[in-house]
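Following my numbering, the numbering of the sequence shown begins with 7 at its first residue and continues without gaps. Step one of this worksheet: look at the structure below.
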Amino acid sequence: MNPHLTLANQRGYGLHLPPDLRVRAKRIFPRVNQQVTGTLWLADTPEHARELVWFLERFPAAMEPEVGHRLRTQADRHVEREARLHALLEGHAAPLPDLPLALALRNYQAQVRAALTISEGLLLAAALGLGKPASAIGCLTLPDALPAVVVAPPP
Numbered sequence: 007m008n009p010h011l012t013l014a015n016q017r018g019y020g021l022h023l024p025p026d027l028r029v030r031a032k033r034i035f036p037r038v039n040q041q042v043t044g045t046l047w048l049a050d051t052p053e054h055a056r057e058l059v060w061f062l063e064r065f066p067a068a069m070e071p072e073v074g075h076r077l078r079t080q081a082d083r084h085v086e087r088e089a090r091l092h093a094l095l096e097g098h099a100a101p102l103p104d105l106p107l108a109l110a111l112r113n114y115q116a117q118v119r120a121a122l123t124i125s126e127g128l129l130l131a132a133a134l135g136l137g138k139p140a141s142a143i144g145c146l147t148l149p150d151a152l153p154a155v156v157v158a159p160p161p
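Next up, the structure:
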């Protein structure tokens with residue numbers, strides 16, 4: 007079997023691999039169904055695309071030109087997102103406009119809000135007393151942040 011990569015709209019990337027490479031791929035991609043003996047399916051996300059590019063550099067596989075283009079576009083999107091997050095954390099990114107809150111967000115709370123706009127998803131966990139509710143409120147004012155799930159211990 008010659009390795010090849012396909013892209014299905016509903017399923018994502020399909021890795022068609024011989025058994026020896028399938029075992030390696032299952033180690034690298036823990037989210038794939040570990041019980042499957044055929045095609046390994048990965049969602050069409052920037053993170054998976056970047057990991058697939060890395061995998062395919064080591065274990066080449068045939069693919070249609072449009073699949074390769076989509077893979078590279080998604081992988082580049084992940085690299086760009088990572089660079090923007092790094093710039094934000096280094097203090098080189100422009101902040102988002104201030105919010106009309108009773109108390110202004112602290113710098114690190116505003117960074118959380120900006121990180122959400124870049125990463126398109128966020129798990130907020132911080133030490134006691136750092137103002138997670140204020141950070142969360144700041145995030146929930148972003149139109150693209152909704153719907154959201156807030157998990158808190160009972161009072």
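Ideal placement from N, C-alpha and C gives every residue a C-beta, glycine not left out. Fair warning: this is a prediction, and the values are worked out from it, not measured in the lab.
C-alpha gap between residue i and residue j, whole angstroms
i           : j           : result
residue 109 : residue 133 : 20 Å
residue 48  : residue 74  : 15 Å
residue 27  : residue 152 : 40 Å
residue 10  : residue 66  : 8 Å
residue 156 : residue 121 : 17 Å
residue 80  : residue 161 : 43 Å
residue 44  : residue 53  : 22 Å
residue 144 : residue 82  : 29 Å
residue 61  : residue 19  : 13 Å
residue 107 : residue 142 : 13 Å
residue 99  : residue 57  : 26 Å
DSSP three-state assignment for residue i, whether helix, strand or coil
i           : result
residue 48  : strand
residue 74  : helix
residue 139 : helix
residue 148 : coil
residue 161 : coil
residue 61  : helix
residue 28  : helix
residue 89  : helix
Beta-bridge partners of residue i, as assigned by DSSP
i          : result
residue 69 : 11
residue 20 : 12, 47
For the structure I just gave you, are there three or more beta carbon pairs, one from the region 28–46 and one from the region 93–110, closer than 8 Å? no
Touch test, the region 135–149 against the region 111–126, Cβ-Cβ under 8 Å, three pairs minimum: yes
Would the region 96–103 count as touching the region 69–83 if we require 3 or more Cβ pairs under 8 Å? no
Whole runs of the alpha helix (DSSP H) within the region 92–126, excluding any shorter than 4 residues: 113–125
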